[in-house]
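Just so we're aligned, residue 1220 is where the sequence shown starts under this note's numbering, counting upward by one.
Cβ coordinates follow ideal geometry from the N, Cα and C atoms, glycine included.
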Amino acid sequence: MAVRPEVKALIDYLVEQWVTEVLDEARDVQHRVITAAVSPPHASPPRHDAEAVPAMLTTHEAAMYLRLSESTLTKLRVTGGGPPFLKLGRRVTYRTAVLDAWLAEREFPHTSAVDAGVPLAKQPETTPTRTVRGRRRRSRK
């Protein structure tokens, strides 16, 4: 059966519009799910809807929550200094309450307070190495 060109053009137009609407709606739903599951850190402890954010986050979700890369979060976990985590078999998870507390520990009122807030034990040690043009140069161990 032959379809007239006007009808075919109308059908193509309607299908294109429908596909565009469906894709736009899918993107909106995906955006709402991601923003509801992982909200950005705030200056004060964030208020999360208990249903929107799961109590336990994977490494990927925790990295998004903290706005860090997964590799940074993994490196902090291995070397120390990162947020406390749970090891459930092979799976590493983070509690949102612990992440919020870890963020709150890292709040400073101004930049000069950052240096004062770091314990001396965690500051890198330096030793004098040589003199360059009358000035002592220090290097890190």
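For residue i, which three-state DSSP category applies?
i: R1314; result: strand
i: H1242; result: The identity of residue 1242 in the sequence shown is Leu, whereas the question assumes His. Note: L1242 maps to helix in three-state DSSP.
i: L1285; result: helix
i: V1226; result: helix
Here's the rule I'm using: 16 or more other beta-carbon atoms within 10 Å means buried, otherwise exposed. How should residue i be labelled?
i: E1280; result: buried
i: P1302; result: buried
i: L1229; result: exposed
i: L1307; result: exposed
i: D1231; result: exposed
i: D1319; result: buried
i: L1242; result: exposed
i: L1285; result: buried
So, for residue i: in the same chain, excluding its five sequence neighbours on each side, which residues have a beta-carbon less than 7 angstroms away from its beta-carbon?
i: V1252; result: none
i: V1333; result: F1327
i: R1310; result: none
i: T1278; result: E1289, L1292, T1293, V1311
Comparing C-alpha positions only, which one of the options sits nearest to residue i?
i: R1314; options: E1240, A1332, V1297, L1276; result: L1276
i: A1316; options: R1309, P1273, L1292; result: P1273
CB-CB under 6 angstroms to residue i, same chain, minus the five flanking residues each way: which ones, in chain order?
i: L1295; result: G1301
i: L1321; result: In the sequence as displayed, the identity of residue 1321 is Trp instead of Leu. Excluding residues within five positions, the ones whose Cβ falls inside 6 angstroms are P1302.
i: T1312; result: M1275, L1305
i: A1262; result: With a pLDDT of 45 at A1262, under the threshold of 50, the modelled position of this residue cannot be trusted; read the value that follows with caution. Same-chain partners within the cutoff: there are none.
Looking only at its chain, what residues have a beta carbon closer than 8 angstroms to the beta carbon of residue i, apart from the 5 residues adjacent to it on each side?
i: T1291; result: A1282
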